[in-house]
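In the working numbering, the protein residues as written are 41 to 210. Data block below; observations after.
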Amino acid sequence: MHRLVFILLMSVPLVAQTYSISGLVTDPDGKPVSEVHVTLTPGFFTLYTSQDGSFRFDGLFPGSYTLAFQHIGFLTSRVKDVTVQDSDIIMQPFTLEFDVLDLENVVVTASRAERDVVEIPESVNLVSSREIRERNSKTSAEALREEVGVFVQKTNHGGGSAIIRGLSSN
41 MHRLVFILLM
51 SVPLVAQTYS
61 ISGLVTDPDG
71 KPVSEVHVTL
81 TPGFFTLYTS
91 QDGSFRFDGL
101 FPGSYTLAFQ
111 HIGFLTSRVK
121 DVTVQDSDII
131 MQPFTLEFDV
141 LDLENVVVTA
151 SRAERDVVEI
161 PESVNLVSSR
171 EIRERNSKTS
181 AEALREEVGV
191 FVQKTNHGGG
201 SAIIRGLSSN
(Lines of atoms letter the chains of each structure in order from A; the text may use other names.)
(Lines give C-alpha, C1' and ligand atoms only; values in the text may rest on other atoms or scores of the structure.)
Protein backbone atom coordinates (compact mmCIF):
# COMPACT_ATOMS: atom_id res chain seq x y z
CA MET A 41 0.00 0.00 0.00
CA HIS A 42 2.84 2.37 0.88
CA ARG A 43 4.42 1.66 -2.49
CA LEU A 44 1.23 2.66 -4.32
CA VAL A 45 0.98 5.96 -2.44
CA PHE A 46 4.67 6.62 -3.06
CA ILE A 47 4.30 5.92 -6.81
CA LEU A 48 1.26 8.19 -7.05
CA LEU A 49 3.01 11.03 -5.23
CA MET A 50 6.12 10.72 -7.39
CA SER A 51 4.11 10.74 -10.63
CA VAL A 52 2.57 14.18 -9.96
CA PRO A 53 5.66 16.08 -11.24
CA LEU A 54 5.56 13.95 -14.39
CA VAL A 55 2.35 15.66 -15.47
CA ALA A 56 3.76 18.35 -17.70
CA GLN A 57 2.77 21.94 -17.17
CA THR A 58 1.41 23.66 -20.27
CA TYR A 59 1.78 27.27 -21.30
CA SER A 60 0.33 29.71 -23.81
CA ILE A 61 1.45 32.12 -26.52
CA SER A 62 -0.72 35.18 -27.05
CA GLY A 63 -0.41 38.40 -28.99
CA LEU A 64 -1.96 41.11 -31.11
CA VAL A 65 -1.80 41.55 -34.90
CA THR A 66 -1.90 45.08 -36.34
CA ASP A 67 -1.56 46.78 -39.72
CA PRO A 68 1.18 49.38 -40.43
CA ASP A 69 -1.14 52.11 -39.07
CA GLY A 70 -1.37 50.30 -35.72
CA LYS A 71 -4.99 49.21 -36.23
CA PRO A 72 -5.89 45.65 -35.18
CA VAL A 73 -6.42 43.15 -38.00
CA SER A 74 -9.18 40.58 -37.47
CA GLU A 75 -9.52 37.20 -39.20
CA VAL A 76 -5.76 36.73 -39.66
CA HIS A 77 -4.96 33.03 -40.13
CA VAL A 78 -2.30 32.20 -37.52
CA THR A 79 -0.46 28.86 -37.67
CA LEU A 80 1.76 27.51 -34.89
CA THR A 81 4.29 24.79 -35.72
CA PRO A 82 5.33 22.18 -34.79
CA GLY A 83 1.93 20.74 -34.16
CA PHE A 84 0.08 22.64 -36.90
CA PHE A 85 -2.24 24.49 -34.54
CA THR A 86 -4.32 27.09 -36.39
CA LEU A 87 -6.71 29.83 -35.40
CA TYR A 88 -8.00 33.22 -36.58
CA THR A 89 -7.49 36.50 -34.75
CA SER A 90 -10.53 37.98 -33.03
CA GLN A 91 -12.20 41.31 -33.85
CA ASP A 92 -9.60 43.15 -31.75
CA GLY A 93 -6.70 41.40 -33.56
CA SER A 94 -5.75 39.20 -30.61
CA PHE A 95 -4.88 35.51 -30.62
CA ARG A 96 -3.99 32.89 -27.99
CA PHE A 97 -2.62 29.35 -28.26
CA ASP A 98 -3.15 27.34 -25.05
CA GLY A 99 -1.91 23.94 -23.89
CA LEU A 100 1.64 24.29 -25.22
CA PHE A 101 4.56 22.31 -23.89
CA PRO A 102 8.01 23.87 -23.44
CA GLY A 103 9.89 24.13 -26.72
CA SER A 104 10.60 26.32 -29.73
CA TYR A 105 7.72 27.32 -32.03
CA THR A 106 7.20 29.20 -35.30
CA LEU A 107 4.20 31.46 -35.90
CA ALA A 108 2.92 32.20 -39.43
CA PHE A 109 0.45 35.01 -40.19
CA GLN A 110 -1.67 35.09 -43.39
CA HIS A 111 -4.38 37.51 -44.50
CA ILE A 112 -5.62 38.74 -47.88
CA GLY A 113 -4.07 42.12 -48.67
CA PHE A 114 -1.03 41.51 -46.45
CA LEU A 115 2.30 39.77 -46.97
CA THR A 116 2.62 36.37 -45.28
CA SER A 117 4.93 36.72 -42.30
CA ARG A 118 6.68 34.35 -39.90
CA VAL A 119 8.14 34.64 -36.42
CA LYS A 120 10.66 31.86 -35.74
CA ASP A 121 12.13 30.58 -32.50
CA VAL A 122 9.40 31.66 -30.10
CA THR A 123 10.65 29.74 -27.06
CA VAL A 124 8.29 28.55 -24.34
CA GLN A 125 10.20 27.53 -21.21
CA ASP A 126 8.65 28.17 -17.84
CA SER A 127 6.03 30.87 -18.36
CA ASP A 128 3.34 32.06 -20.74
CA ILE A 129 4.57 34.15 -23.67
CA ILE A 130 2.87 37.47 -24.36
CA MET A 131 4.23 38.78 -27.64
CA GLN A 132 4.66 42.41 -28.62
CA PRO A 133 2.09 43.58 -31.22
CA PHE A 134 2.99 41.97 -34.55
CA THR A 135 2.64 44.25 -37.59
CA LEU A 136 1.63 42.82 -40.96
CA GLU A 137 2.89 44.67 -44.05
CA PHE A 138 0.46 45.55 -46.85
CA ASP A 139 0.76 43.50 -50.05
CA VAL A 140 0.31 45.81 -53.04
CA LEU A 141 -0.79 44.01 -56.18
CA ASP A 142 -0.49 45.66 -59.59
CA LEU A 143 -3.43 44.16 -61.44
CA GLU A 144 -3.97 44.00 -65.17
CA ASN A 145 -6.90 45.81 -66.77
CA VAL A 146 -10.30 44.36 -65.89
CA VAL A 147 -12.68 43.82 -68.81
CA VAL A 148 -16.37 43.81 -67.90
CA THR A 149 -18.67 42.40 -70.59
CA ALA A 150 -22.24 41.18 -70.80
CA SER A 151 -21.10 37.73 -71.86
CA ARG A 152 -20.68 34.73 -69.61
CA ALA A 153 -17.41 33.81 -71.29
CA GLU A 154 -14.16 35.72 -70.82
CA ARG A 155 -13.05 37.46 -74.03
CA ASP A 156 -10.05 39.49 -75.07
CA VAL A 157 -10.62 43.24 -75.58
CA VAL A 158 -9.88 43.07 -79.33
CA GLU A 159 -12.62 40.43 -79.81
CA ILE A 160 -15.41 42.59 -78.33
CA PRO A 161 -17.52 44.29 -81.05
CA GLU A 162 -19.06 46.81 -78.62
CA SER A 163 -17.56 50.10 -77.46
CA VAL A 164 -15.01 49.47 -74.72
CA ASN A 165 -13.35 51.83 -72.25
CA LEU A 166 -10.21 50.67 -70.48
CA VAL A 167 -9.27 52.04 -67.07
CA SER A 168 -5.74 51.18 -66.01
CA SER A 169 -4.70 50.61 -62.42
CA ARG A 170 -2.48 53.71 -62.72
CA GLU A 171 -5.52 55.85 -63.63
CA ILE A 172 -7.50 54.46 -60.71
CA ARG A 173 -4.65 55.24 -58.29
CA GLU A 174 -4.32 58.79 -59.67
CA ARG A 175 -8.04 59.44 -59.19
CA ASN A 176 -7.69 58.56 -55.50
CA SER A 177 -11.31 57.39 -55.33
CA LYS A 178 -12.95 55.95 -52.25
CA THR A 179 -15.41 53.72 -54.14
CA SER A 180 -15.51 51.93 -57.48
CA ALA A 181 -18.36 54.24 -58.58
CA GLU A 182 -16.17 57.30 -57.96
CA ALA A 183 -13.31 55.68 -59.90
CA LEU A 184 -15.56 55.22 -62.95
CA ARG A 185 -17.50 58.52 -62.90
CA GLU A 186 -15.13 60.22 -65.40
CA GLU A 187 -15.57 57.49 -68.02
CA VAL A 188 -17.79 57.93 -71.10
CA GLY A 189 -21.18 56.24 -70.68
CA VAL A 190 -20.98 56.13 -66.88
CA PHE A 191 -23.40 57.98 -64.62
CA VAL A 192 -22.97 57.86 -60.84
CA GLN A 193 -26.26 58.00 -58.97
CA LYS A 194 -25.59 59.58 -55.59
CA THR A 195 -27.57 58.48 -52.55
CA ASN A 196 -27.65 59.63 -48.96
CA HIS A 197 -25.83 56.46 -47.91
CA GLY A 198 -22.38 55.72 -49.27
CA GLY A 199 -20.63 56.84 -52.43
CA GLY A 200 -23.37 56.10 -54.94
CA SER A 201 -23.92 53.51 -57.65
CA ALA A 202 -22.41 53.39 -61.12
CA ILE A 203 -24.87 53.17 -64.01
CA ILE A 204 -22.96 52.05 -67.10
CA ARG A 205 -24.70 52.73 -70.44
CA GLY A 206 -28.07 52.62 -68.70
CA LEU A 207 -27.48 49.37 -66.82
CA SER A 208 -27.47 49.73 -63.03
CA SER A 209 -25.00 47.95 -60.80
CA ASN A 210 -27.78 46.18 -58.90
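Idealized CB from N, CA, C, for every residue including glycine. All figures in this text were calculated on a predicted structure; none of them were measured in a lab.
Closest in alpha carbon position to GLU75, among GLY83, PHE84, PRO82 and VAL65, is VAL65. By the 16-neighbour rule on beta-carbons within 10 angstroms, PHE134 is buried. CA-CA distance, VAL119 to LYS194, rounds to 46 Å. Only exposed fits LEU166, as fewer than 16 other CB atoms lie within 10 angstroms of its CB. Taking the CA atoms as reference points, ILE61 sits about 40 Å from ASN176.
Looking at the backbone, the Cα of VAL122 and that of ILE172 are separated by about 42 Å. The continuous alpha helix (DSSP H) containing ILE172 extends over residues 169 to 175.
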